[in-house]
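Enquirer: Here it is, the structure in full.
Numbering (our numbering), first residue to last: 527 to 888.
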């Protein structure tokens with residue numbers, strides 16, 4: 527046991543020294559732009575102590591050492607990055623962003639800095655800034671496919687499908703049709719309204735990867751958007767026959783049937799979705815929320831949905847959100863009295879359900 531502890535201490539010390547050595551090299555690199563005179567050995571000691579405290583979980587102590595490092599050498603991007611990580615980890619996103627931004631300004635080629643800064647912008651819902659950071663990162667590392675994929679995803683989230691397609695075409699030219707990036711490429715073509723091109727790519731993908739369910743589901747979606755419902759139904763029918771328990775197919779079929787208002791067929795499949803343990807509760811709640819938000823539901827469909835929600839409640843009997851779906855459906859369909867009655871039932875059995883109380887009071 528004593529020997530193991532000694533080995534652990536040695537490994538820990540070597541890791542800290544290695545990190546400190548990297549910081550010293552980066553500090554020297556920064557000094558080339560703006561020469562500074564400072565005691566390098568003292569800087570290394572303080573930086574090593576900071577890393578040790580950080581690795582031990584003592585963020586406040588680590589910041590004290592890093593602040594001394596920053597004063598000694600304000601051009602050390604590594605110091606700013608370490609400070610940013612600690613601050614962000616403690617919940618101080620604003621100051622953390624300032625420090626990582628400074629680190630990136632000192633070394634714009636460092637992918638870690640640009641990724642962290644982009645992540646902060648994304649968290650703040652500043653997509654333009656997040657995209658700019660990834661664009662800069664791609665310029666610095668044009669061969670990094672992961673950066674390209676992330677940039678395409680950001681373009682797509684912003685609704686800039688043409689740029690997303692442009693990035694995917696670069697990857698497409700490099701790797702051809704594949705199971706990793708082609709589905710996203712097809713999705714962006716569909717979102718951009720380029721259905722004919724999307725159809726061609728999807729059919730070629732199915733020829734190359736006939737067992738890849740995602741491509742078949744995309745083909746059905748394209749048929750649906752082109753108004754060729756019968757062809758979409760046939761694709762989904764074959765998928766269900768061949769893969770009756772596949773959760774991805776079940777959800778795709780349900781979404782398609784809801785879009786096409788095929789309610790009788792939908793409720794024949796929905797029971798399997800509710801009981802499928804591989805489909806998350808969040809996915810099920812999200813789907814039922816789509817049904818509830820559908821305008822002008824017929825009385826029969828409302829009753830079918832209520833019955834399905836009762837089954838869902840037996841699967842997740844203690845979940846506060848699931849319990850609110852029934853009264854929400856009743857309320858949306860102008861059955862206020864029934865909604866209030868159901869909320870009162872929920873509160874009597876689950877008095878701590880804050881959401882039910884709030885809904886009832888409103």
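We put the beta carbon where it would ideally sit given N, CA and C, even for glycine.
Given the structure is predicted, the values throughout are model-derived calculations rather than measurements.
1. Look at the alpha carbon of residue 631 and the alpha carbon of residue 880, and state the distance between them as a whole number of angstroms.
2. Helix, strand or coil, according to DSSP, for residue 782 in the structure here?
3. Taking residue 761 and residue 746 to be in contact with their CB atoms under 8 angstroms, please state how far apart those CB atoms are, rounded to whole angstroms.
4. Thinking C-alpha only, which one of 795, 789, 750, 787 is nearest residue 766?
5. Taking residue 649 as the reference, give the member of 800, 619, 626, 624 with the closest Cα.
6. Leaving out the 5 sequence neighbours to the left and right, which residues in its chain are closer than 8 angstroms to residue 870 when beta-carbon positions are compared?
7. What residue does the alpha helix (DSSP H) around residue 612 start on, and which one ends it?
8. Assuming contact is defined by CB atoms lying nearer than 8 angstroms, are residue 676 and residue 659 in contact in what I supplied?
9. Threshold first: 4 residues or longer. Then list the alpha helix (DSSP H) segments lying entirely within the stretch 633-676, N to C.
10. How many Å lie between residue 824 and residue 634 at the Cα?
11. For the alpha helix (DSSP H) that contains residue 685, what are its first and last residues?
12. Rounded to whole angstroms, what is the Cα-Cα separation between residue 687 and residue 759?
13. Should residue 727 and residue 717 be called a contact, given that it needs their Cβ atoms to be closer than 8 angstroms?
14. For residue 863, count neighbouring C-beta atoms within 10 Å of its own C-beta (all shown protein chains included) and say buried if the count is 16 or more, exposed if not.
15. Determine whether the beta carbon atoms of residue 799 and residue 810 lie at a separation below 8 angstroms.
16. Out of 710, 664, 590, which has the shortest C-alpha to C-alpha gap to residue 724?
17. Could you give the DSSP three-state label for residue 806: helix, strand or coil?
18. Could you give the DSSP three-state label for residue 703: helix, strand or coil?
19. Would DSSP call residue 735 helix, strand or coil?
20. How many angstroms separate the CA atom of residue 624 from the CA atom of residue 581?
21. Output the distance between the C-alpha atoms of residue 627 and residue 639, rounded to the nearest integer angstrom.
22. When you compare each of 601, 682, 740 to residue 629 by their alpha carbons, which one comes out closest?
23. Would you kindly work out how many angstroms separate the C-alpha atoms of residue 550 and residue 622, rounded to a whole number?
24. When DSSP labels each residue in this structure, what does residue 788 get in the three-state scheme?
25. Under 8 angstroms by Cβ, that's how I've got residue 595 and residue 577 pegged, so tell me the actual separation to the nearest angstrom.
Expert: This is what the structure gives:
1. Here residue 631 is taken as the residue at index 105 of the chain shown, counted from 1. Here residue 880 is taken as the residue at index 354 of the chain shown, counted from 1. The straight-line gap from Cα to Cα measures roughly 47 angstroms.
2. Here residue 782 refers to the residue found at position 256 when the chain shown is read from its first residue. Residue 782: helix per DSSP, three-state reduction.
3. Residue 761 sits at position 235 when you count from the first residue of the chain shown. Residue 746 sits at position 220 when you count from the first residue of the chain shown. Correct: roughly 4 angstroms between the Cβ atoms.
4. The count along the chain shown starts at 1 and reaches residue 766 at position 240. Out of 795, 789, 750, 787, the CA that lies nearest to the CA of residue 766 is found in 795.
5. In the chain shown, counting from the first residue as 1, residue 649 sits at position 123. When each option's Cα is compared against that of residue 649, the closest is 619.
6. Looking up residue 870 in the chain shown gives position 344. Once the five neighbours on either side are set aside, the close Cβ partners of residue 870 are 886.
7. Counting from 1 along the chain shown, the entry for residue 612 is found at position 86. In the DSSP assignment, residue 612 falls within the alpha helix (DSSP H) that extends over 603-615.
8. Along the chain shown, one-based indexing puts residue 676 at 150. Along the chain shown, one-based indexing puts residue 659 at 133. Against a cut-off of 8 angstroms, the Cβ pair of residue 659 and residue 676 comes out as no contact.
9. Runs found: 637-649, 653-666.
10. Counted from its first residue, the chain shown places residue 824 at position 298. Counted from its first residue, the chain shown places residue 634 at position 108. Straight-line measurement puts the Cα of residue 634 at about 58 angstroms from the Cα of residue 824.
11. Taking the chain shown and counting its residues from 1, the one referred to as residue 685 is at position 159. Counting along the chain, residue 685 falls outside any alpha helix (DSSP H), and DSSP gives it neither H nor E.
12. Indexing the chain shown from 1 puts residue 687 at position 161. Indexing the chain shown from 1 puts residue 759 at position 233. Note on geometry: alpha-carbon atoms of residue 687 and residue 759 lie some 27 angstroms from one another.
13. Translated into the one-based positions of the chain shown, residue 727 becomes position 201. Translated into the one-based positions of the chain shown, residue 717 becomes position 191. Their beta carbons are not under 8 angstroms apart, which means residue 727 does not touch residue 717 by this criterion.
14. In the chain shown, counting from the first residue as 1, residue 863 sits at position 337. Burial check for residue 863: the Cβ neighbour count within 10 Å stays below 16, so the residue is exposed.
15. Taking the chain shown and counting its residues from 1, the one referred to as residue 799 is at position 273. Taking the chain shown and counting its residues from 1, the one referred to as residue 810 is at position 284. At the C-beta level, residue 799 and residue 810 come within 8 angstroms of one another.
16. Within the chain shown, numbered from 1, the residue matching residue 724 stands at position 198. Each of 710, 664, 590 was checked against the Cα of residue 724, and the nearest Cα belongs to 710.
17. For the purposes of this step, residue 806 is taken as residue 280 along the chain shown, with counting starting at 1. Coil at residue 806, not helix or strand.
18. In the chain shown, residue 703 corresponds to position 177, counting from 1. Here residue 703 sits in coil by DSSP.
19. Residue 735 sits at position 209 when you count from the first residue of the chain shown. In this structure, residue 735 counts as coil in the three-state DSSP scheme.
20. Stepping through the chain shown from its first residue, residue 624 is reached at position 98. Stepping through the chain shown from its first residue, residue 581 is reached at position 55. Across the structure, residue 624 and residue 581 are spaced so that their CA atoms are roughly 22 angstroms apart.
21. If you number the chain shown from 1, residue 627 lands on position 101. If you number the chain shown from 1, residue 639 lands on position 113. About 8 angstroms.
22. As a position in the chain shown, residue 629 is number 103, starting the count at 1. Among 601, 682, 740, the Cα nearest to that of residue 629 belongs to 601.
23. Position 24 of the chain shown holds residue 550. Position 96 of the chain shown holds residue 622. Model confidence at residue 550 stands at a pLDDT of 47, short of 50, so the residue's coordinates are unreliable; what they give is reported in the following sentence. Distance between residue 550 and residue 622, taken at the CA atoms: about 22 angstroms.
24. As a first step, residue 788 must be located in the chain shown, where it is residue number 262. For residue 788, the three-state secondary structure derived from DSSP is coil.
25. Here residue 595 refers to the residue found at position 69 of the chain shown. Here residue 577 refers to the residue found at position 51 of the chain shown. Between residue 577 and residue 595 the Cβ distance is about 10 angstroms, and since that is not below 8 angstroms, they are no contact.
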